[in-house]
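Colleague: Mind looking over this structure? Questions follow.
Below is the structure:
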């Protein structure tokens, strides 16, 4: 199969190189959008997974946390109603309370930067999800120290992908979705998509005699327009609205998923976001102008004592609520040089660009044991300049070099008298050598990512721990993308990442007069961190009826030379949220021309929940299955997620006791449970 210039006008390499790189089989014609050029996955000199809409539908995934286990060396933690915090190759945040955070994994939804706003990872009207592993500083900047996730939705002119779907399932769950594109004229197309998803969840509150205190209640709307202004200029406009009103009642003293709270928590987000993306083709290349605005109102809170008034012998009862207003504005200009105006004797394509992003985050914390409400304002601003050169050194050899300089500054102030500012310029990029050997693409790359410094605002934090430094991540990687036969395709990579001034999450305890404990999170810097391992993805079309996709990741991640808040010294310790092995297998068998059986298995090895305590998540194997009946444009799916009702955890705490029944004398582990077995039926009609 050849990649035509018409289909991929912004291919990373020259047309001749693209044609040679693309195998004759029909397996790997997958376009990647999360890069400066739209190119095929088999051409990308990086470890990445592209999960298309059929796979999203087969897993019945409503949110990123239901999909990420498909990709190797990717994990997530909850601490809320959803898996809001993503880790790639062992790097990523695990929670957020009063402190502002700088994300390690970028989350993009089309042109919107929703990094640090994991609740925004709702999957509706989705074309595909792209997961990039390893630093992605050249394209995404400071938010992509570990990697990036892009949710690519259907374009406004996707008139061949109009649909309506409905789903019902156990736990009083239902979901409805509608998407429709209309060609208003030859030059203008518009698309609308609406979505609503509701479920009682898997927690029972025995005190309130309710089964919906950990519920899901999410609605979303997308409006998009694509206007061909003239033969050279295209304007894409988009609007997104999210209304998330989920419950958060996840922890029980007996670790049995039966809670006793009298004031269950909440996990809410309302978002309004608009974007404009204008592309103009010039003789020298393509000019892109991208502007976005997003406004988020976020509410997060929980019953801190996990029980009801009167349960504790000393009358201890407490809630902890956080309300954030986050406004983000971005503006980006990018010029992609055309193949007709290549540099260095027509051997090199080029990209240059600049980006400005400013955020204002206002926090109000209402906490029972505080003397008054806590309020803070955090204003990070980034200004970035970047460029990339892609050179054809020989018929089968090419070199890519990207560089990004980013000035990161923030101001912080709160009503307890703390006011600080920080300004720093960071440098990152990538150097990759690509070699074609027949249909096989081999690459070797060195990339450097960065993540800005930050502040620990809690008044109990010692001044020596008030600031933590910026972190840098060097990634050394060798990979191959190759068709092994007409029906088999392989992607594999080995990597070593060396982190400098590794930002490590810790926590400190403060005991009250009644012996109950309050813990607060802080971030400090370890000396060095090493994240090394391997990733492999395999697709096999065994015959006309049976196909198999598999992925596996191996990870050895640890940090060194770190002193905890309690003054204990860690010479070497495994990183949190870093399972040594992750794996996924997806089998699809066509029983008849209209009936298909899918079977999927996820495996995650044991891992630590936190750098600050020793509680671990045990290994877990989850099995999902679907029976799909296709009749013309109508598709009906009978599905079971977590078929064997496996117990697994999405968050864990340790190093303290929250149980007054033993007078807080014994440290206990506490877990947030993942979803149990769920059975449902989904009907989808394409029109």
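Residue numbers (my numbering): 445 to 1131. No residue lacks a Cβ here, since even glycine has one placed at the ideal position from N, Cα and C. All of these numbers come straight from a predicted model, not from anything done at the bench.
Take the Cβ of residue 1075 as the centre, count every other Cβ of all protein chains shown within 10 Å, and call the residue buried at 16 or more, exposed below.
Modeller: Exposed, by the Cβ-count rule.
Colleague: Along the chain, which unbroken stretches of the alpha helix (DSSP H) at least 4 residues long are found entirely within the segment 534 to 585?
Modeller: List check, alpha helix (DSSP H) in window: 581 to 584.
Colleague: Anyone know if the C-beta pair for residue 909 and residue 968 falls short of 7 Å?
Modeller: Yes, the pair counts as a contact, with Cβ atoms nearer than the cut-off.
Colleague: Among 853, 1125 and 941, which residue has its Cα nearest to the Cα of residue 977?
Modeller: When each option's Cα is compared against that of residue 977, the closest is 941.
Colleague: Quick one: using the 10 Å Cβ neighbour count with 16 as the cut-off for buried, is residue 498 buried or exposed?
Modeller: Result: exposed.
Colleague: Given residue 519, which residues of its chain have a CB within under 6 Å of its CB, disregarding the five upstream and five downstream residues?
Modeller: Hits under 6 Å: 531 and 1021.
Colleague: Can you give me the C-alpha to C-alpha distance between residue 1040 and residue 1090, rounded to a whole angstrom?
Modeller: Cα to Cα, the separation comes out at about 25 Å.
Colleague: Please report how far the alpha carbon of residue 830 lies from the alpha carbon of residue 877, in whole angstroms.
Modeller: Their backbone Cα atoms lie some 19 Å apart in a straight line.
Colleague: Go to residue 625, then tell me how far its beta strand (DSSP E) extends in each direction, as first and last residue.
Modeller: Per DSSP, residue 625 belongs to the beta strand (DSSP E) from 617 to 627.
Colleague: Does residue 1117 pass the burial test, meaning 16 or more other C-beta atoms within 10 Å, or should it be called exposed?
Modeller: Per the 10 Å Cβ criterion, buried.
Colleague: Any idea which residues DSSP pairs residue 765 with across the strands?
Modeller: Bridge partners of residue 765: 745 and 810.
Colleague: To test your reading of the DSSP string, which unbroken beta strand (DSSP E) runs of 3 or more residues are found completely within the segment 900 to 935?
Modeller: Segments of the beta strand (DSSP E) lying fully in the segment 900 to 935: 915 to 929.
Colleague: In whole angstroms, what is the alpha-carbon distance linking residue 824 and residue 1100?
Modeller: Looking at the two C-alpha atoms, the distance is approximately 34 Å.
Colleague: Quick check: the Cα distance between residue 453 and residue 685, rounded to an integer number of angstroms?
Modeller: Note that residue 453 scores 33 on pLDDT, short of 50, meaning its location in the model is unreliable and no value can be drawn from it.
Colleague: Would residue 1092 and residue 1064 qualify as a contact pair, given that the criterion is a beta-carbon distance under 7 Å?
Modeller: Yes. Within cutoff.
Colleague: Roughly how many angstroms separate the alpha carbons of residue 787 and residue 793, rounded to a whole number?
Modeller: In a straight line, the C-alpha of residue 787 is about 6 Å away from that of residue 793.
Colleague: Quick one: grab the DSSP three-state call for residue 488.
Modeller: Three-state DSSP puts residue 488 in coil, outside helix and strand.
Colleague: Using a 10 Å radius around the Cβ and a threshold of 16 neighbouring Cβ atoms, would you call residue 716 buried or exposed?
Modeller: Exposed, because fewer than 16 other Cβ atoms sit within 10 Å of the Cβ of residue 716.
Colleague: Looking at residue 633 and residue 600, is the spacing between their C-beta atoms short of 7 Å?
Modeller: Going by C-beta atoms, residue 600 is nearer than 7 Å to residue 633.
Colleague: If distances are taken between C-alpha atoms only, which option among 504, 629, 805 and 554 comes closest to residue 680?
Modeller: Residue 680 has its Cα closest to that of 554, out of 504, 629, 805 and 554.
Colleague: Among 851, 838 and 832, which residue has its Cα nearest to the Cα of residue 845?
Modeller: Cα-wise, what sits closest to residue 845 is 832.
Colleague: Is the number of C-beta pairs between the segment 608 to 617 and the segment 663 to 680 that are closer than 8 Å three or more?
Modeller: No, the segment 608 to 617 does not touch the segment 663 to 680.
Colleague: DSSP three-state call for residue 471: helix, strand or coil?
Modeller: Only weak support exists for where residue 471 lies, its pLDDT of 45 falling under 50; the coordinates are left without a value.
Colleague: Kindly indicate which three-state DSSP category residue 706 falls into: helix, strand or coil?
Modeller: Of the three classes helix, strand and coil, the one that applies to residue 706 here is coil, per DSSP.
Colleague: Would a C-beta distance cut-off of 7 Å place residue 624 and residue 636 closer than the cut-off?
Modeller: Closer than 7 Å, so yes.
Colleague: Apart from the five residues just before and just after residue 926, which ones in its own chain have a Cβ nearer than 6 Å to its Cβ?
Modeller: The answer, listed in chain order, is 884 and 934.
Colleague: Would you say the segment 686 to 700 touches the segment 1105 to 1121, given that touching needs at least three Cβ pairs under 8 Å?
Modeller: Output reads yes: the segment 1105 to 1121 touches the segment 686 to 700.
Colleague: Who are the near neighbours of residue 1121 in its chain, counting only those whose CB is closer than 6 Å to its CB and skipping five residues on each side?
Modeller: Once the five neighbours on either side are set aside, the close Cβ partners of residue 1121 are 1086 and 1089.
Colleague: Residue ranges of each beta strand (DSSP E) run of no fewer than 3 residues wholly in the segment 957 to 1031, ordered along the chain?
Modeller: If we require 3 residues or more, the beta strand (DSSP E) runs fully inside the segment 957 to 1031 come out as 961 to 969, 972 to 985, 990 to 1007 and 1013 to 1018.
Colleague: Can you check DSSP and say which residues form a bridge with residue 605?
Modeller: According to DSSP, which records beta bridges pairwise, residue 605 is partnered with nothing at all.
Colleague: Distance, Cα to Cα, residue 504 vs residue 568?
Modeller: Approximately 11 Å, taken between the alpha carbons.
Colleague: How is the alpha helix (DSSP H) around residue 501 delimited, first residue to last?
Modeller: Start and end: 497 to 502.
Colleague: Per DSSP, residue 1096 forms a beta bridge with which residues?
Modeller: Residue 1096 is bridged to 1115.
Colleague: Leaving aside the five residues before and after residue 693 along the sequence, list all residues of the same chain whose C-beta is less than 8 Å from its C-beta, in chain order.
Modeller: Hits under 8 Å: 647, 649, 657, 658, 703, 705, 708, 709, 746 and 747.
Colleague: Let me check understanding here. Comparing Cα to Cα, which of 800, 801, 817 and 822 lies closest to residue 808?
Modeller: Of the candidates 800, 801, 817 and 822, the one whose C-alpha sits nearest the C-alpha of residue 808 is 817.
Colleague: Residue range of the beta strand (DSSP E) that residue 785 falls in?
Modeller: Element bounds for residue 785: n/a, residue is neither H nor E.
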